[in-house]
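In the numbering used here, the protein residues as written are 83 to 288. Note sheet for the following structure.
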C-alpha cells in the first residue's frame with residue numbers, strides 16, 4: 083500500500099493542541115512612535131522569515147544590549163478567516179544549527195524594531211518596520227479573554243484599528259512595500275477597514 087498524498091481535504095489541523103495556544107490581539111496603525119518613545123528607546127530587533135506557501139515563519143530576535151539571539155519556528159493562523167483577532171500559535175525554539183537548516187526554504191523577510199510601551203495599564207508592542215516597509219508603524223496589544231478583546235477601545239495614539247485587515251498581517255506584509263500599502267488604502271478605502279481621521283492623514287511618508 084502506497085503512501086497517500088497529503089491534501090487540504092485529507093489533512094486535519096486541530097484548532098487546539100497540547101502545544102498550541104490561543105492568542106487574542108488587536109493591531110493598530112500609528113502615525114509614528116507614541117509620545118514617550120524615540121528610535122533610541124530600548125527595543126528588540128526582529129527578523130521574520132515567512133516560508134513561501136505555508137503558515138510558518140522563522141523569527142529571529144536580537145537584543146542589541148546583549149547581542150544575544152532567540153530563534154523561534156512558529157505556526158500561526160486564524161481559525162476564522164474573517165477574524166484575525168484570535169489566532170492559534172505554536173512556537174518551537176531553535177538552536178543555531180536548526181535555524182540554519184530551516185533557512186534553506188524559500189522565504190519572504192520582514193525586519194522591524196519592537197518597542198515595549200505601556201498605556202493605561204496595558205502592555206503594547208510597537209513595531210517600527212525597516213527595509214521596504216520603512217514608514218509603517220503598528221502597535222499590538224494582547225488580551226486574556228474574549229470579553230477584554232471585544233470591549234477594548236482604540237487608544238488615542240492610533241490612527242485606526244486594522245486587526246481584521248488582512249493587508250496588515252505578517253503573511254501579507256512580507257510581500258509588500260510601504261508604497262504598496264499607501265496605494266492600497268487610498269484606492270480601496272472601504273474594504274481596507276482603515277478609518278482616516280478628519281485631517282485625511284492616514285499614512286505618511288518617512
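Glycine included, C-beta positions come from ideal geometry on N, C-alpha and C.
Each of 101, 233, 193 and 263 was checked against the Cα of residue 144, and the nearest Cα belongs to 193. Between the C-alpha atoms of residue 196 and residue 184 there is a straight-line separation of about 24 Å. Counting along the chain, residue 221 sits inside the beta strand (DSSP E) bounded by residues 219-225. In terms of CA proximity to residue 117, 240 leads the group 260, 232 and 240. Under the three-state reduction of DSSP output, residue 150 falls in the strand class. Here residue 164 has 246 as same chain residues with Cβ atoms under 8 Å from its own Cβ, once five neighbours each way along the sequence are excluded.
Taking residue 113 as reference, the option from 258, 252, 124 and 237 with the minimal CA-CA separation is 237.
In the structure shown, residue 264 adopts helical secondary structure according to DSSP, grouped into three states. Taking C-beta atoms as the reference points, residue 224 and residue 106 count as a pair closer than 8 Å. Taking a cut-off of 8 Å on C-beta distances, the segment 157-174 touches the segment 128-146, as three or more cross pairs fall below it. Only residues of its own chain outside the window of five on either side were considered, and among them 132, 190 and 192 have a CB closer than 6 Å to the CB of residue 256, listed in chain order.
The Cβ atoms of residue 218 and residue 166 do not sit closer than 8 Å to each other. Nearest Cα to residue 229 within the set 103, 108 and 87: 108. In the displayed model, residue 160 falls within coil according to three-state DSSP, outside both helix and strand. Residue 173 sits in a strand when the DSSP states are folded into three classes.
By the criterion of a C-beta distance shorter than 6 Å, residue 173 is surrounded in its chain by 154 and 156, once the five residues flanking it on both sides are discounted. Under the DSSP assignment, residue 228 falls in the alpha helix (DSSP H) whose first and last residues are 228-233. Residue 167 is not bridged by DSSP to any residue. For residue 247, DSSP assigns no beta-bridge partner whatsoever.
Within the same chain, and ignoring the five residues on either side of residue 221 in sequence, the residues whose Cβ sits closer than 6 Å to its Cβ are 110, 112, 206 and 208. For residue 117, there is no enclosing alpha helix (DSSP H), as DSSP gives it neither H nor E.
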